[in-house]
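I have placed the structure first, in the form of structure tokens, so that the comments after it can refer back to it.
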Amino acid sequence: MNRSTKYRIAMKSVLEIAAALWALCCIGCSAEPPQTVTLGTLLREMTSADETTRWPEPSYTCRLMSSYDRRAVEADTPGWFANDDGFGFIRRDTLQGRPMKILFDAEGPGAITRIWLTTTNPAGTLRFYVDGAEEPVWVVPAYDLMRFGITGLGRGLLQPHTSYTAGVRGGSTLYLPIPYARRCVVALEEPAGVSDVPRYYQFNYRTYAPGIEVESFSLPVVQKYTEQILGTDRLLLEPDAATERGRERSAEALLQPGDTLRLRLPEGTRTVTQARITVSCDSARYGQLMEKLILTASFDGNRTVWAPLSGFSGGGTGAPAVESWFLRSDGRGKILSRWPMPYRQRGEIALLNVSDEPCSVSLSVGTARYEWNGRSLYFHASWRREDGLPFSRTAEGCYDWNFVTLSGRGVYRGDLLALFNHSRTWYGEGDEKIWVDGESFPSHFGTGVEDYYNGSWAPVVPFHTPFGGAPRADLANSQGYNSFFRTRNLDGIPFGRELRFDMEMLGWRDGRVDYATTVFWYGDASSNAAAASGIAEARRAWPPRPEDPADFRVAGAVEFESLAVSRKSDRLMTDRQNMAGFPDGLWSGQKQLVVFGGDTGDFVEFVLNDIPDGRYTVNLYLTRAADYGRMRLTANGRGTSFDAYADTVTVAGPVALRHVTVRDGRLLLRAELTGRNPRSLGMMAGFDCMTLIPEKP
């Protein structure tokens, strides 16, 4: 995936059109699903708006197996916030005479519904064992789902992360369901010498009630359903082809502050198939206005939806563009919701303006007939904002922040995390923890914020997939505005009476964030979210966007990373280094020239020519760090000593070399390593930039 990727593709071939029509027919069917679970029934469920609205049948529980740090055993005990999340696994075992790490092991009947993984080295072999067979039913020749091995599988069911480089690093997410009747084991065989490589993974999976028949995953099964697999894959990239427009009603208005536009839906047992919302305003007002236009929905006398348009759209603060299965937004005021919203007798969708300005809005809602039964659930959406939340770089300072707690019966279908990061460092090391119906240990224990939202490796860049992404990531250092969005398909989480979702507040350094969350679920009429926010929070202004550290420049400076080295010791090496990941300072151009591999007596020299003759103060902007050494710095013979040690990476400067005389337009700058501070771990050096200030005669 590339930055700001749009994944929509055109369906051109007859096969693609046929696949879309086939799936559309499946969506309209509200008959009870068969009791035999197959790859085919699961694929149909993926694109079924009708099944999205119902309590699952056959019933199942949803859980997560991941590589979370196994020192986390119990809340309020040491290890609960341990963060070596790339090294957890179930056990070591020997299969087929080979030593392996067991990543996943679950009793059936069940199905894997999502696999997410990433690494810094994909060397290895993944083997899938089903129903106690000695031989694997599927083999992936690397720790890399992009090599899963189904020809033609595209970006609907299999998505590389923005960090992915084939054969090198990064990860991907697979949504192809893997059903099993009795048991499924996923094992990793690693080559000799790579056992210490981090292997991050997440397996979402269902467990059905005993007695449910399941057709287990295998090569013949994949061959049997190949056409359906590829058709579903394409359809997930063209959600409009799977969405019935229905009977449309519309309304529009110039909403004054405090006004509400209400659209009553046709009476009778029906479902909303899609809702189109248009907001007309100038671009300067757009971001703040979308925070203050509130979407509400009421069905059969119960209000089940209350969220600002920025949150409901899936984009978050500023309401950026979104492309996904359930939601689409152009980032300029046009929103399309494909969330199905059933009701028995009556429904109403409304827009409330809590801003101080008038704005033009329109609503257009399509509805279709719906068969209400004992499994039917209402659509819910809730919003919450909380500012000034601290996050910590240590487990001792970490805590679990309650993302949402839902009560009643329902199925959790997704969420948005929108935030403002006040710190120039990554905030999202914390894991998600989800408890269902009073569990003593969370059945979902993740590996990090970006992992939960189908990315990997921070900082994050914007991306879009059918089931989520990162609509907004303003700065490379994670400061300022960010948003993450995830909807759940086959990995939806049923809960009978309560679902509690916490997020660890752990980052690379200490800092604070403002969070705004929107959650989506289907539930009984009385189901609700605790601690939801309201109009007061929606009216609260967000901070201004911070300046990008990459735009910072020292006025009139010569950048060392752009300056050729005139002469150096043979063993000394140099490289350009991006300083975006270091929050304790501003580097000109956010880059420096780093010098390494040297020892006492080694040197590096730079020459500047065509400088007007005269006397100057040469200001050197340098870097300090825990593995930096001491230097003798001279400019045309005038010099000073400098100790570059510090316990953290930070800027140092300006270091002034005064009364430097320039003749014949030439300046020679020399840095010689003279040793190191007793506390330093090395003898590196970092050069940011320099300025020449003429001295008065």
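As numbered in mature numbering (1 follows the signal peptide of the UniProt record, and there is no 0), residues -31 to -1, 1 to 666 make up the sequence shown, in order. From the three backbone atoms N, C-alpha and C, an ideal C-beta is built for every residue, glycine too.
Taking a cut-off of 8 angstroms for Cβ pairs, the segment 415 to 435 and the segment 119 to 132 touch, as three or more such pairs fall below it. Residue pairing by DSSP places Phe611 opposite Met600 in a beta bridge. Residue Leu157 holds the alpha-carbon nearest to the alpha-carbon of Val108 among Asp74, Pro146 and Leu157. Contact between the segment 252 to 267 and the segment 322 to 339 is present: three or more C-beta pairs spanning the two stretches fall below 8 angstroms.
Counting other Cβ atoms within 10 Å of its Cβ, Gln65 stays below 16 and is therefore classed as exposed. In the DSSP assignment, Leu278 falls within the alpha helix (DSSP H) that extends over Leu278 to Phe281.
The residue from Tyr177, Gly480 and Cys250 with its alpha-carbon nearest to that of Leu11 is Tyr177.
Segment contact: the segment 459 to 475 against the segment 367 to 384, three or more CB-CB distances shorter than 8 angstroms; contact assigned. Beta bridge pairing from DSSP links Gly118 with no other residue. By a beta-carbon distance limit of 8 angstroms, Gln314 contacts Glu236. Their separation comes to about 6 angstroms.
With fewer than 16 other Cβ atoms inside 10 Å of its own Cβ, Gln4 counts as exposed. Looking at the backbone, the Cα of Val106 and that of Pro78 are separated by about 17 angstroms.
Shown here, Thr10 sits in a helix according to DSSP, grouped into three states.
Counting along the chain, no beta strand (DSSP E) covers Tyr144, and no H or E run does either.
The beta carbons of Arg307 and Pro208 sit closer together than 8 angstroms. The residue from Arg536, Thr87 and Ser557 with its alpha-carbon nearest to that of Gly525 is Ser557.
Between the C-alpha atoms of Leu459 and Ala364 there is a straight-line separation of about 33 angstroms. Assignment of beta strand (DSSP E) within the segment 255 to 314, counting only whole runs of 3 or more residues, yields 262 to 268, 271 to 277, 296 to 298, 303 to 306 and 310 to 312 in chain order.
Taking Gly93 as reference, the option from Tyr597, Pro146, Pro663 and Arg116 with the minimal CA-CA separation is Arg116. For Val42, the number of other beta carbons within 10 angstroms of its own is below 16, and it is reported as exposed.
Annotation note: the segment 141 to 228 contains the following uninterrupted beta strand (DSSP E) runs of length 3 or greater, listed N- to C-terminal: 147 to 149, 152 to 158, 168 to 177 and 216 to 224. Between Arg607 and Leu626 the beta-carbon gap is near 5 angstroms, inside 8 angstroms, which marks them as a contact. DSSP, reduced to helix, strand and coil, places Pro235 outside both helices and strands of the structure shown, so it counts as coil. Beta-bridge pairing by DSSP links Asn371 to Asp471. Here Pro513 carries a coil assignment [DSSP, helix/strand/coil].
Take Gly9, set aside five residues on each side of it, and the residues of its chain with a beta-carbon closer than 7 angstroms to its own are Tyr194 and Gln197, in chain order. For Arg168, the closest of Arg297, Asp420, Glu408 and Gly227 by C-alpha to C-alpha distance is Asp420.
Bridge partners of Asn322 according to DSSP: Leu262.
A straight line joining the alpha-carbon of Phe360 with that of Ile263 spans about 29 angstroms.
Annotation: the continuous alpha helix (DSSP H) that includes Thr21 extends over Ala18 to Thr21. Under the three-state reduction of DSSP, Ala135 is assigned to coil, being neither helix nor strand.
Your pair Thr273 and Tyr347 checks out as a contact, with CB atoms roughly 5 angstroms apart and the cut at 8 angstroms. Where Tyr421 is concerned, the enclosing alpha helix (DSSP H) starts and stops at Val418 to Tyr421. Exclusion of the five residues before and after Ala288 leaves Met259, Ser279 and Ser282 as the residues of its chain whose Cβ lies within less than 6 angstroms of its Cβ. Taking C-beta atoms as the reference points, Gly379 and Trp275 fail to come closer than 8 angstroms. Here Ala533 carries a coil assignment [DSSP, helix/strand/coil].
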